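Report on the following structure.
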Amino acid sequence: MTATTLAPPPPASASRSGRAPIGRLTWLLSRPTAQTKAVLALPAIAFAVTTALLLIVLGGVMMFWRWTIADADLYQMLSVIALVLLIVPLIALGGAAARLSARRRDDRLATLRLIGATPGVVTRMTVLESTAVATLGALAGVVLYLIAMPIVGLLPFQGEPIGAGALWVGPGAILLVILAVAALAAVSAAIGLRQVTISPLGVRTRQSAPRLHWSRVVVSVVAILAAYVMLGSLGSSGDWMLTIIVLGTGLGIGVGILNLIGPWAIGMAARLALRRAKTASRLIAARSILESPKATWRQVSGVAMTSFIAVVAGTGVSFMDQFQGDYDAPTRMLMADIRTGILVTVLISFLMVACSVGVNQAAGILDRRDLYVSLDRLGMPRSVIEQSRSRAILGPLRFTTFGSALVGGVLVFPLTSLALIFAPVSLVVIVGCLVAGVLMVWGTIKATAPVMTRVLSEPERM
Amino acid sequence: MNFFTPPQPTNAMPPANSAQRPPILTGSSLVKTYGSSTALAGVDIAIAAGESVAIMGASGSGKTTLLHTLAGITPSDSGHVGFYSASGLVDVTAMNESERSRLRREAFGFVFQQGLLIPELTALENTALPLMLAGYPRREAEGRAQHWLVALGLGGMETRRIGELSGGQAQRVAIARAQVTGATVVFADEPTGALDSATSEDVMSALLGSTVGQGHALVVVTHDETVAARCSRVVRLRDGRVLSHTAVGTTFGSNAVTA
């Protein structure tokens, strides 16, 4: 062998400029194959649903802000509260989609590091890909929004259907939403990449279950007391605007408390379930939750908010119903509209939660396909795998739903009275909401079963 | 217990081998194709209790397909797999998916290259899992699992999660899981493929000790000649056919090739 044959080949043009051809590399590695199709399609679908729901909600809020009727300011305030309540599950859904995109980084690292790519290149590629997938998803979401407009337009406000046109946000807002979704994806991917903890041996480090710091208890108790006193003082005030502001703040505090103690409470419940687990599926489910109570909370917290809203809203509806006869026609119409608004808010947050659970479940199956295939080979019945998967979500879901309902009940207690919470109309709304939420999530988990079937039936091709 | 009874006669007559012991698992005229490629082109094999058989061959020679077919993971296109259980001969080929799943769960054990243990569970829980699936109460399942872990040198590591164990330790947990039900045949697919040579040696000793040492059979798919050398017989495949059966110090077969 001569020295000339050992000389390295001339550098490629991109290397000469000192920059890796990130765009071209990303494209090369993103071309859909059997394995990547689902990984790219799932977040795209989630981003599409996020965009469509965001546009519908935005359209509704903008519609109220265009109104010039007597009670317009009241509608506007209420629509903003609904928007704020929907932001939590919306961000969770967008975040789930973005994290799913970012997970591809692990596979990439192995391949790309071997051919000499720096972690920076890999990071930029993943962020670029997440953003591209999000943008495509957002564009599909705009189409979904256009299709949904006539259906949502059938909703009656002020005694008549609002019509599809009322929900039109305009090209400027659509462009802004697409940009916002793309930005959310880019930021989540970048943050997600920093949070991925891989030891040199590639072993995922254990995320320890969060312990309840005493400060959280103090903050929670003080916040509940403050909200309680604040809401209790409402009875003496007849000002609508003040009522709404205080109610909105109370809701915000409730949501904050739920997020503060939610992961810890889920961890505690799972530890209890682990000790009592008698079957393989219960054991695996409890351990899966304990692996990361925070991640479990992220999946179910949207329903926690919904159940919390349902209690507060359900009480509000029955509170208003009690005085049906005392009000004039415009006020009764206002009450009917508030009820419609509450139900629409609850329905949309359910949709968001179901969608993010679906995305997370499908991603979870694809992430762990080797494990599921090996368990199937060991002879673990498919039913045990499915049971542990759904138990790991539905257990915390039920726990969270009722826990949140309790917090909501405590907060609205001073506003109305205990009797009112148990008023028939209120009860129907609350129970209906909780059952619908659990059923929708259960249905979503069931809907991901074909992904498992595919993984198990074609282990070599996945 | 439907897969143990009634014994069904098959054409899977075990070929003569040097073990001189009754076979516990036989494959006869096994054929398996994937699309246009033939993975198995008429393989005959018989494995006796207390025997360790290494299946070797180049990539694509059909060795993993043979293991999957013998273990009832993948049904063959034609041919028969017979398993001699305590209550008689069982025709694995005639079983449906759920019966084969049950057979794998209750009569066979498996060790894969990466261990493939459930990462959230502790070493003890992973080992106890097959017993819990078989309906044992958790306490008893964990008691038996504990026994195996101690026997395999993992005493004191019961509560560790899989990520907290070394590759060799994780593989021993997989061995404990494969043997906790008293499986009479253990299938191992490249069990030492991800380990360094010293750890590989230890794991192979543990695997042999817990299977052959108990009078059970071990079927190992491997690329590693040192692993194969520790088995009592080496079966080499090429293009889906058996090239040779090599016993320790003896060679036999249609196209005998000594290792």
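If you read the protein sequences in the order shown, they are chains A and B. Quick note: the first sequence uses our numbering, first residue 1, plus one each step. Quick note: the second sequence uses our numbering, first residue 1001, plus one each step. No residue lacks a Cβ here, since even glycine has one placed at the ideal position from N, Cα and C. These numbers were taken from a predicted model, which means no experiment stands behind them.
From which residue to which residue does the beta strand (DSSP E) around residue i run?
{"i": "K1032 (chain B)", "result": "1023-1034"}
{"i": "L1237 (chain B)", "result": "1233-1238"}
{"i": "T1038 (chain B)", "result": "1037-1048"}
{"i": "H1223 (chain B)", "result": "Neither: H1223 (chain B) is in no beta strand (DSSP E) and is coded neither H nor E."}
Buried or exposed for residue i, please, with buried defined as at least 16 other CB atoms from any protein chain shown within 10 angstroms of its CB.
{"i": "N360 (chain A)", "result": "buried"}
{"i": "E1097 (chain B)", "result": "exposed"}
{"i": "R1100 (chain B)", "result": "buried"}
{"i": "D1224 (chain B)", "result": "buried"}
{"i": "K278 (chain A)", "result": "exposed"}
{"i": "T1184 (chain B)", "result": "buried"}
{"i": "Y1034 (chain B)", "result": "exposed"}
{"i": "D337 (chain A)", "result": "buried"}
{"i": "I147 (chain A)", "result": "exposed"}
{"i": "W214 (chain A)", "result": "exposed"}
{"i": "P171 (chain A)", "result": "exposed"}
{"i": "T50 (chain A)", "result": "buried"}
{"i": "L74 (chain A)", "result": "buried"}
{"i": "T1065 (chain B)", "result": "buried"}
{"i": "F402 (chain A)", "result": "exposed"}
{"i": "V455 (chain A)", "result": "buried"}
{"i": "A986 (chain B)", "result": "As shown, chain B starts at 1001 and ends at 1259. That puts residue 986 (chain B) outside it, with no answer to give."}
Helix, strand or coil: how does DSSP classify residue i here?
{"i": "M268 (chain A)", "result": "helix"}
{"i": "M1095 (chain B)", "result": "coil"}
{"i": "Y1136 (chain B)", "result": "coil"}
{"i": "L351 (chain A)", "result": "helix"}
{"i": "D337 (chain A)", "result": "helix"}
{"i": "R66 (chain A)", "result": "helix"}
{"i": "L1089 (chain B)", "result": "strand"}
{"i": "A164 (chain A)", "result": "helix"}
{"i": "S1078 (chain B)", "result": "strand"}
{"i": "F1110 (chain B)", "result": "strand"}
{"i": "V451 (chain A)", "result": "helix"}
{"i": "P156 (chain A)", "result": "strand"}
{"i": "T279 (chain A)", "result": "coil"}
{"i": "T1122 (chain B)", "result": "strand"}
{"i": "R1161 (chain B)", "result": "strand"}
{"i": "Q195 (chain A)", "result": "Reliability fails at Q195 (chain A), whose pLDDT of 49 lies under 50, so the model's placement of it is uncertain and the value that follows must be treated cautiously. Helix at Q195 (chain A)."}
Can you tell me where the alpha helix (DSSP H) with residue i in it begins and where it stops?
{"i": "G1057 (chain B)", "result": "Unbroken run through G1057 (chain B) is the beta strand (DSSP E), 1052-1057; no alpha helix (DSSP H)."}
{"i": "L1243 (chain B)", "result": "Segment 1241-1247 is the beta strand (DSSP E) holding L1243 (chain B); no alpha helix (DSSP H) there."}
{"i": "H1216 (chain B)", "result": "Per DSSP, H1216 (chain B) belongs to no alpha helix (DSSP H) and is neither H nor E."}
{"i": "D1189 (chain B)", "result": "D1189 (chain B) -> not in any alpha helix (DSSP H); beta strand (DSSP E) instead, spanning 1185-1189."}
{"i": "A392 (chain A)", "result": "382-412"}
{"i": "A1176 (chain B)", "result": "1167-1179"}
{"i": "G1209 (chain B)", "result": "1197-1211"}
{"i": "D376 (chain A)", "result": "369-378"}
{"i": "T1064 (chain B)", "result": "1063-1070"}
Contact defined as beta carbons within less than 8 Å: I believe residue i pairs with residue j. What is the distance between those atoms, to the nearest angstrom?
{"i": "V1235 (chain B)", "j": "V1053 (chain B)", "result": "6 Å"}
{"i": "A449 (chain A)", "j": "E386 (chain A)", "result": "7 Å"}
{"i": "S1166 (chain B)", "j": "E1051 (chain B)", "result": "S1166 (chain B) to E1051 (chain B), Cβ: 30 Å. No contact."}
{"i": "A1221 (chain B)", "j": "K1032 (chain B)", "result": "For clarity, residue 1221 (chain B) is Val in the given sequence; the question names Ala instead. Wrong, their Cβ atoms sit about 15 Å apart, outside the cutoff."}
{"i": "A1123 (chain B)", "j": "M1132 (chain B)", "result": "About 15 Å; that fails the 8 Å criterion."}
{"i": "L1067 (chain B)", "j": "V1186 (chain B)", "result": "With a Cβ gap of about 11 Å, L1067 (chain B) and V1186 (chain B) do not count as contacting."}
{"i": "A285 (chain A)", "j": "R391 (chain A)", "result": "4 Å"}
{"i": "A257 (chain A)", "j": "V407 (chain A)", "result": "Per the sequence shown, the amino acid found at residue 257 (chain A) is Ile instead of Ala. Right, the Cβ-Cβ distance comes to about 6 Å (below 8 Å), so this counts as a contact."}
Identify each residue in the region 283-309 of chain A for which the Cβ-Cβ distance to at least one residue of chain B is less than 8 Å, and report them in chain order. L283, I284, R287, S288, L290, E291
Of all the residues that make up the region 348-381 of chain A, which are near chain B by a beta-carbon distance shorter than 9 Å? R368, D370, L371, V373, S374, L375, D376, R377, L378, G379, M380, P381
Check each residue of the region 1040-1070 of chain B: if its Cβ is closer than 9 Å to any Cβ of chain A, include it; give the result in chain order. H1068
For the region 260-286 of chain A, which residues have a CB atom closer than 8 Å to at least one CB atom of chain B, in sequence order? A277, K278, T279, A280, L283, I284
Positions along the region 381-393 of chain A whose CB lies within less than 7 Å of some CB in chain B: P381, V384
Chain-ordered residues of the region 1135-1154 of chain B with a beta carbon less than 8 Å from chain A: P1137, R1138
Residues within the region 1079-1094 of chain B neighbouring chain A, beta-carbon criterion of under 8 Å: none
Just by C-beta distance, which residues in the region 1196-1218 of chain B are closer than 7 Å to chain A? none
Please name the residues in the region 1218-1242 of chain B whose beta-carbon is closer than 9 Å to at least one beta-carbon of chain A, in chain order. The region 1218-1242 of chain B vs chain A, Cβ under 9 Å: nothing.
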